[in-house]
Amino acid sequence: MNDLFATASWQGDLASQGLHADWQSIVQDFLNSATGKSLQTYLHERRAADAIIYPPEPFKALTLTALKDVRVVILGQDPYHGAGQAEGLAFSVAQGVKIPPSLRNMFKEREHDLGIPPAIHGSLMNWAAQGILLLNTTLTVEDGQPASHAKKGWEQLTDQLIEACAKKSSPVAFLLWGGHAQAKCDLISRHNTDQRHLILTANHPSPLSALRPPEPFIGCGHFGKASQFLGHANLFS
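The letter at position 59 of the sequence shown is residue 703 when you use our numbering, and the numbering goes up by one with no holes.
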């Protein structure tokens with residue numbers, strides 16, 4: 645349907661690939677826009693130049709979590725750039741892949757808050773099934789080149805996806821870790837004048853910043869606060 649799909653391991657239209665209906669119009673309108681077409685041209689050119697592009701399913705987060713089901717939004721920056729790591733969900737890695745340090749810190753903080761032992765693998769697909777949208781603001785990356793597809797157009801789409809979550813009438817907890825994620829605060833807050841959503845900020849869970857002031861990730865209590873706010877004790881399990 646679009647050149648974008650030629651970069652992935654699957655091909656076909658959006659509906660046949662399981663993109664939830666409530667995301668489809670947002671994604672399709674973007675792909676039909678000037679920015680969306682420019683992005684697809686760029687991806688096609690990079691692939692024609694034999695660039696290795698991850699993940700195989702850029703829209704995985706939107707196939708696993710419907711907009712109507714979103715209860716938590718966790719923002720990442722761009723996919724992992726090593727072979728076999730990225731699976732289309734922010735912070736998540738495929739089973740069998742070594743758990744990255746940031747995700748290890750997330751599991752430690754979850755255990756501190758909720759008493760859930762660290763997972764034996766780093767796939768967060770079960771979180772996505774619980775209504776936790778794990779969204780990178782850039783949905784593709786090239787092998788070994790972090791942020792290689794930043795500012796190529798993805799951010800326009802992901803801003804629209806974030807805004808759609810902020811427009812929901814039901815409460816959503818937004819967990820914004822690090823400056824990149826916190827840059828979306830204004831986008832969310834303009835739709836939260838009645839304070840129905842919970843917006844939590846802290847440093848990125850990376851070991852380089854997790855303990856630094858002013859808002860250390862370690863000890864931030866975000867998993868517990870989000871669970872309590874939403875009234876769901878089994879979130880993040």
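Note that the Cβ used here is the ideal one computed from N, Cα and C, for glycine as well. From a predicted model like this one, the values you see are computed outputs, not experimental measurements.
Within 10 angstroms of its Cβ, does residue i collect 16 or more other Cβ (buried), or is it exposed?
i	result
residue 693	exposed
residue 861	buried
residue 660	Only weak support exists for where residue 660 lies, its pLDDT of 49 falling under 50; the coordinates are left without a value.
residue 640	Only positions 645 to 881 of the chain appear in this structure, which leaves residue 640 out of reach.
residue 722	buried
residue 658	The pLDDT assigned to residue 658 is 47, lower than 50, so where the model puts this residue is not dependable; a value taken from the coordinates is nonetheless given after this. Residue 658 should be labelled buried.
residue 775	buried
residue 765	exposed
residue 814	exposed
residue 877	exposed
residue 730	buried
residue 746	buried
residue 795	exposed
residue 727	exposed
residue 827	exposed
residue 837	exposed
residue 685	exposed
residue 674	buried
residue 780	buried
Determine, using beta carbons only, whether residue i and residue j come nearer to each other than 7 Å.
i	j	result
residue 720	residue 703	no
residue 733	residue 663	no
residue 797	residue 874	no
residue 768	residue 783	no
residue 754	residue 867	yes
residue 851	residue 750	no
residue 710	residue 666	yes
residue 817	residue 741	no
residue 804	residue 679	no
residue 772	residue 831	no
residue 841	residue 811	no
residue 790	residue 725	yes
From the DSSP secondary-structure annotation, give me the bridge partner or partners of residue i.
i	result
residue 717	777, 818
residue 843	818
residue 698	785
Can you give the beta carbon distance from residue i to residue j, rounded, assuming they're within the 8 Å contact cut?
i	j	result
residue 698	residue 757	Rounded, the Cβ-Cβ distance is 31 Å, inconsistent with contact.
residue 855	residue 819	Incorrect: roughly 18 Å between the Cβ atoms, too far for contact.
residue 822	residue 847	6 Å
residue 808	residue 670	6 Å
residue 760	residue 880	7 Å
Can you find a C-beta in chain C that's less than 7 Å from the C-beta of residue i?
i	result
residue 781	Protein chains in the displayed structure number just one, and chain C is not present.
Original post:
At what residue ranges does the segment 768 to 812 contain a whole run of the beta strand (DSSP E), taking only runs of 3 or more?
Top reply: Within the segment 768 to 812, the complete beta strand (DSSP E) runs of at least 3 residues are 776 to 780.
Subject >> Ranges of the alpha helix (DSSP H) found wholly within the segment 702 to 770, counting only runs of at least 4 >> reply: Runs of the alpha helix (DSSP H) inside the segment 702 to 770: 704 to 708, 745 to 758.
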